[in-house]
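Asks:
2 protein chains.
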Amino acid sequence: MRLDEHFPFYRALTPAQQALLCDRLIEQTIPKGALMRSTDTDSAGLVLIDRGQLRALLYSAEGRETTLYRLFGGDLCLFCAPCLIDTIAFDVTLQAEKDTVCRRIPAAVCRTLMAQSAAVASQINALLGSRLTTVVQQIEQVMWRGMDARVAALLLQEAQIEGTRSLPITHEIIAHHLGSHREVVTRTLRALQADGLVELSRGRVTLRDVARLRELTQ
Amino acid sequence: MRLDEHFPFYRALTPAQQALLCDRLIEQTIPKGALMRSTDTDSAGLVLIDRGQLRALLYSAEGRETTLYRLFGGDLCLFCAPCLIDTIAFDVTLQAEKDTVCRRIPAAVCRTLMAQSAAVASQINALLGSRLTTVVQQIEQVMWRGMDARVAALLLQEAQIEGTRSLPITHEIIAHHLGSHREVVTRTLRALQADGLVELSRGRVTLRDVARLRELTQ
Numbered sequence: 082m083r084l085d086e087h088f089p090f091y092r093a094l095t096p097a098q099q100a101l102l103c104d105r106l107i108e109q110t111i112p113k114g115a116l117m118r119s120t121d122t123d124s125a126g127l128v129l130i131d132r133g134q135l136r137a138l139l140y141s142a143e144g145r146e147t148t149l150y151r152l153f154g155g156d157l158c159l160f161c162a163p164c165l166i167d168t169i170a171f172d173v174t175l176q177a178e179k180d181t182v183c184r185r186i187p188a189a190v191c192r193t194l195m196a197q198s199a200a201v202a203s204q205i206n207a208l209l210g211s212r213l214t215t216v217v218q219q220i221e222q223v224m225w226r227g228m229d230a231r232v233a234a235l236l237l238q239e240a241q242i243e244g245t246r247s248l249p250i251t252h253e254i255i256a257h258h259l260g261s262h263r264e265v266v267t268r269t270l271r272a273l274q275a276d277g278l279v280e281l282s283r284g285r286v287t288l289r290d291v292a293r294l295r296e297l298t299q
Numbered sequence: 082m083r084l085d086e087h088f089p090f091y092r093a094l095t096p097a098q099q100a101l102l103c104d105r106l107i108e109q110t111i112p113k114g115a116l117m118r119s120t121d122t123d124s125a126g127l128v129l130i131d132r133g134q135l136r137a138l139l140y141s142a143e144g145r146e147t148t149l150y151r152l153f154g155g156d157l158c159l160f161c162a163p164c165l166i167d168t169i170a171f172d173v174t175l176q177a178e179k180d181t182v183c184r185r186i187p188a189a190v191c192r193t194l195m196a197q198s199a200a201v202a203s204q205i206n207a208l209l210g211s212r213l214t215t216v217v218q219q220i221e222q223v224m225w226r227g228m229d230a231r232v233a234a235l236l237l238q239e240a241q242i243e244g245t246r247s248l249p250i251t252h253e254i255i256a257h258h259l260g261s262h263r264e265v266v267t268r269t270l271r272a273l274q275a276d277g278l279v280e281l282s283r284g285r286v287t288l289r290d291v292a293r294l295r296e297l298t299q
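These protein sequences, in sequence, are chains A and B. Using the numbering used here, the letters of the first sequence correspond one by one to residues 82 to 299. Using the numbering used here, the letters of the second sequence correspond one by one to residues 82 to 299.
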């Protein structure tokens, strides 16, 4: 792996900083289904996803969950952000949706580089800006959009990720992504099926009219 | 005003950077009620609120609004963040809730300092981390909490800001903060009044039982 291609700040580092990064870089594999909490300090750092897929989720006090954002190969992510940026004070859980391989700059190294290098700190600004944008868009979705629009948006995203319109996804998993109840999702999907937008079968949702699903999300 | 007290990175700047900051610092007054959109590039930069109060709000396509976060004297804020951090791509509006005085480091100067100084870039990391935390907490509120808990939290916040339990606030303004409808807020407030938690009169909400309002928010 070419570090300068994947960590955009790499070329701006001094030789000593580059050596520190290379020496301390950790390769990690995260099996599908594994959970990491942002309070687990031993998995903390700036993480480059080589390949795989993760979702960041919030849990409610009652155990409901909702997906905040997703990460794919090539993405950078601050794991355990609270121990890297003092002002970050929410507790997020990461779940591997597929077997994932990543390289991690441990938190202590990351802190050193952030303090020394404007390029590293600026890269992290870009990262935080991108997360902030995603999370604000989530608020807009939750506040202003109906459940039909949110289910349609999720199905279109899944179809894009998986490269197929026939999605092996349960109503419960959709509810977990959207922070909703399974019954609400089932009712919404049945209405979409009655309108000819999707077709439902056991453990599977097939997109029948992508154009109208897109319209719904706009 | 002592710049080193209010811009925590000031001491870490070189004399040339300090001179640039001082030369280009702009004092601005924003009258109560004034609106600034994050697309107005001529008010862009890193802004220190000297005194006053602003709220950052999102509008829906249908003209509904919701408060994302609030800013007070001493707070730092990235105005027009998209032109400072490329990855920020949401459109937020700032509204002065009180007459506000602030000092602004214009966007171009801010970009220069961010690129040169790890201290400035790290300060902006802290700022973005803090906003990200607030916005994630907002999602948790909207997704998991009932309207009674959200109204109670807003009333307690207002009482703290204003230093009084007798709040000159309309149901419509509460609805604007919470991204809800006035009718929903009125229904919620009447239920809180029936339970002895608040007292309603024309254009005013008085907090009668702060302890139980706090319980509601927990």
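Glycine residues also receive a C-beta, built at the ideal position from the N, C-alpha and C atoms. Just so it is clear, the structure is predicted and the values come from calculations on it, not from any experiment.
#1: Ignoring anything shorter than 4 residues or poking outside the region 201-243 of chain B, list the alpha helix (DSSP H) runs there in chain order.
#2: So LEU297(A) and ALA240(A) are supposed to be a Cβ contact under 8 Å. How far apart are they, rounded?
#3: Buried or exposed: ALA202(A), going by 16 or more other Cβ atoms within 10 Å of its Cβ?
#4: Could you name the residues of the same chain whose beta carbon sits closer than 6 Å to that of LEU208(B), not counting the 5 residues immediately before and after it, in chain order?
#5: Which same chain residues end up closer than 6 Å to LEU152(A) when comparing Cβ atoms and leaving out the 5 residues on each side of it in sequence?
#6: Please confirm if the region 104-113 of chain A is in contact with the region 161-180 of chain A, defined as three or more CB-CB distances below 8 Å between the two stretches.
#7: Does the CB of VAL128(A) have a neighbour CB from chain B at under 7 Å?
#8: So, are the CB atoms of VAL128(B) and PHE160(B) less than 7 Å apart?
#9: Note down, in chain order, all residues in the region 222-255 of chain A with a beta-carbon under 8 Å from any beta-carbon belonging to chain B.
#10: Does the distance from the C-beta atom of THR286(A) to that of LEU248(A) stay below 7 Å?
#11: Rounding to the nearest angstrom, what Cα-Cα distance links PRO96(B) and THR215(B) in this structure?
#12: Which bits of chain B does ALA202(A) rub up against, with CB to CB less than 7 Å?
#13: Which residues in chain A sit within 8 Å of SER44(B), going by Cβ to Cβ distance?
#14: Compare the beta carbon distance of GLY284(A) and THR251(A) with 7 Å and say whether it is the shorter of the two.
#15: Below 7 Å on C-beta distance, what does LEU166(B) contact in chain A?
#16: Quick one: which residues of the region 167-200 of chain A get their C-beta closer than 7 Å to a C-beta of chain B? List them in chain order.
#17: Which runs of the beta strand (DSSP E) spanning at least 3 residues fall entirely within the region 143-210 of chain A, listed in chain order?
#18: Using DSSP with H/G/I as helix, E/B as strand and the rest coil, what is LEU281(A)?
#19: When you compare only the Cα positions, how much space is there between LEU139(A) and VAL190(B)?
#20: Identify the continuous alpha helix (DSSP H) that holds LEU110(A) and give its terminal residues.
#21: Kindly say whether GLY260(A), judged by its beta-carbon, lies nearer than 7 Å to any beta-carbon of chain B.
#22: Of all the options THR168(B), GLY210(B), ASP167(B), which has the alpha carbon lying nearest to the alpha carbon of ALA162(A)?
#23: With a threshold of 7 Å between beta-carbons, can THR269(A) be considered close to chain B, or not?
#24: If you measure between the beta carbons of GLY126(A) and VAL182(A), is that distance less than 7 Å?
#25: Quick check: the Cα distance between VAL173(B) and LEU102(A), rounded to an integer number of angstroms?
#26: Only counting the same chain, and skipping five residues up and downstream in sequence, which positions put a Cβ closer than 6 Å to that of ALA200(B)?
#27: Return the CA-CA distance between SER261(A) and ALA196(B), expressed in angstroms with no decimal places.
#28: With a CB to CB cut of under 6 Å and the five nearest residues on each side skipped, what residues in its chain are close to VAL266(B)?
#29: Name, please, each residue of chain A whose Cβ falls closer than 7 Å to the Cβ of LEU213(B).
#30: What's the gap between the Cα of MET224(B) and the Cα of ARG105(B)?
#31: Can you tell me where the beta strand (DSSP E) holding LEU135(A) begins and where it ends?
#32: Indicate whether LEU213(B) and LEU213(A) have their beta-carbon atoms separated by less than 7 Å.
#33: Measure the Cβ-Cβ separation of LEU281(B) and LEU270(B) and say whether it is below 7 Å.
#34: Can you find a CB in chain A that lies within less than 7 Å of the CB of THR95(B)?
#35: Between the beta-carbon of LEU237(B) and the beta-carbon of LEU194(B), is there less than 7 Å?
#36: Please report the Cβ distance between ILE242(B) and PRO187(B), rounded to the nearest whole angstrom; I am assuming they are in contact, meaning their Cβ atoms lie under 8 Å.
Replies: Walking through what the data contain:
#1: 228-243
#2: Counted from its first residue, the first sequence places residue 297(A) at position 216. Counted from its first residue, the first sequence places residue 240(A) at position 159. With a Cβ gap of about 14 Å, LEU297(A) and ALA240(A) do not count as contacting.
#3: Position 121 of the first sequence, counted from the first residue, corresponds to residue 202(A). Residue environment for ALA202(A): buried (at least 16 other C-beta atoms within 10 angstroms of its C-beta).
#4: Locating residue 208(B) in the second sequence gives position 127, counting from the first residue. Around LEU208(B): LEU157.
#5: Here the question's residue 152(A) lines up with position 71 in the first sequence. The answer, listed in chain order, is ILE130, LEU135, CYS158.
#6: yes
#7: Translated into the one-based positions of the first sequence, residue 128(A) becomes position 47. Taking Cβ atoms only, chain B never reaches closer than 7 Å to VAL128(A), which makes this a no.
#8: The residue you call residue 128(B) lines up with position 47 of the second sequence. The residue you call residue 160(B) lines up with position 79 of the second sequence. Cβ atoms of VAL128(B) and PHE160(B): closer than 7 Å.
#9: Listed in sequence order: VAL223, MET224, TRP225.
#10: Here residue 286(A) refers to the residue found at position 205 of the first sequence. Here residue 248(A) refers to the residue found at position 167 of the first sequence. In the sequence under discussion, the amino acid at residue 286(A) is Val, which differs from the Thr named in the question. Yes. Within cutoff.
#11: On the second sequence, position 15 is the one that residue 96(B) refers to. On the second sequence, position 134 is the one that residue 215(B) refers to. So the two alpha carbons sit approximately 35 Å from each other.
#12: Within the first sequence, numbered from 1, the residue matching residue 202(A) stands at position 121. Simply ALA199, ALA202, SER203, ASN206.
#13: The structure shown does not extend to residue 44(B), since chain B is modelled only from 82 to 299, so the question has no answer here.
#14: Against the first sequence, residue 284(A) aligns to sequence position 203. Against the first sequence, residue 251(A) aligns to sequence position 170. Going by beta carbons, GLY284(A) and THR251(A) fall inside the 7 Å limit.
#15: Position 85 of the second sequence, counted from the first residue, corresponds to residue 166(B). Just to set this straight, residue 166(B) is Ile in the shown sequence, not Leu. The contacting residues are ASN206, ALA207, GLY210.
#16: ASP167, THR168, ILE169, ALA170, PHE171, MET195, ALA196, GLN197, SER198, ALA199
#17: 146-153, 157-160, 174-187
#18: Reading the first sequence from its first residue, position 200 is the one you call residue 281(A). Note: LEU281(A) maps to strand in three-state DSSP.
#19: Residue numbering aside, residue 139(A) sits at position 58 when the first sequence is read from its first letter. Residue numbering aside, residue 190(B) sits at position 109 when the second sequence is read from its first letter. Their backbone Cα atoms lie some 37 Å apart in a straight line.
#20: Here residue 110(A) corresponds to residue number 29 of the first sequence, with the count starting at 1. In the sequence as presented, Leu is not what sits at residue 110(A); that position holds Thr. Note, THR110(A): premise wrong, no alpha helix (DSSP H); beta strand (DSSP E) at 107-111.
#21: By 1-based counting over the first sequence, the position of residue 260(A) is 179. Answer yes: the Cβ-Cβ gap between GLY260(A) and chain B drops below 7 Å somewhere.
#22: For the purposes of this step, residue 162(A) is taken as the residue at position 81 of the first sequence. The residue with the shortest Cα to Cα distance from ALA162(A) is GLY210(B).
#23: Start at 1 with the first residue of the first sequence, and residue 269(A) comes out as number 188. No, THR269(A) lies away from the interface with chain B (no Cβ there is under 7 Å from its Cβ).
#24: As a working mapping, residue 126(A) is identified with position 45 in the first sequence. As a working mapping, residue 182(A) is identified with position 101 in the first sequence. No; because the gap between Cβ atoms is not below 7 Å, this pair is not in contact.
#25: Position 92 of the second sequence holds residue 173(B). Position 21 of the first sequence holds residue 102(A). When rounded, the distance between both Cα atoms is 37 Å.
#26: Position 119 of the second sequence, counted from the start, is the residue given in the question as residue 200(B). Hits under 6 Å: PHE90, ALA93.
#27: In the first sequence, residue 261(A) corresponds to position 180, counting from 1. In the second sequence, residue 196(B) corresponds to position 115, counting from 1. Those two C-alpha atoms are separated by around 43 Å.
#28: To locate residue 266(B), count along the second sequence from 1; it is residue 185. Excluding sequence neighbours, VAL266(B) sits near HIS252, ILE255, ALA256.
#29: Working through the second sequence from its first residue, we reach residue 213(B) at position 132. Correct list: ILE169, LEU209, ARG212, LEU213, VAL216.
#30: In the second sequence, residue 224(B) corresponds to position 143, counting from 1. In the second sequence, residue 105(B) corresponds to position 24, counting from 1. A straight line joining the alpha-carbon of MET224(B) with that of ARG105(B) spans about 43 Å.
#31: For the purposes of this step, residue 135(A) is taken as residue 54 along the first sequence, with counting starting at 1. Taken as a continuous stretch (DSSP letters only), the beta strand (DSSP E) holding LEU135(A) covers 126-140.
#32: As a first step, residue 213(B) is located in the second sequence; it is residue number 132 there, counting from the start. As a first step, residue 213(A) is located in the first sequence; it is residue number 132 there, counting from the start. For LEU213(B) and LEU213(A), yes; Cβs fall inside 7 Å.
#33: As a first step, residue 281(B) is located in the second sequence; it is residue number 200 there, counting from the start. As a first step, residue 270(B) is located in the second sequence; it is residue number 189 there, counting from the start. Contact: yes.
#34: Working through the second sequence from its first residue, we reach residue 95(B) at position 14. Chain A places no beta carbon closer than 7 Å to that of THR95(B), leaving this residue out of the contacts.
#35: Position 156 of the second sequence, counted from the start, is the residue given in the question as residue 237(B). Position 113 of the second sequence, counted from the start, is the residue given in the question as residue 194(B). With respect to the 7 Å criterion, LEU237(B) and LEU194(B) are not classified as neighbours on the basis of their beta carbons.
#36: Here the question's residue 242(B) lines up with position 161 in the second sequence. Here the question's residue 187(B) lines up with position 106 in the second sequence. With 8 Å as the limit, ILE242(B) and PRO187(B) do not qualify as a contact, their Cβ atoms being about 29 Å apart.
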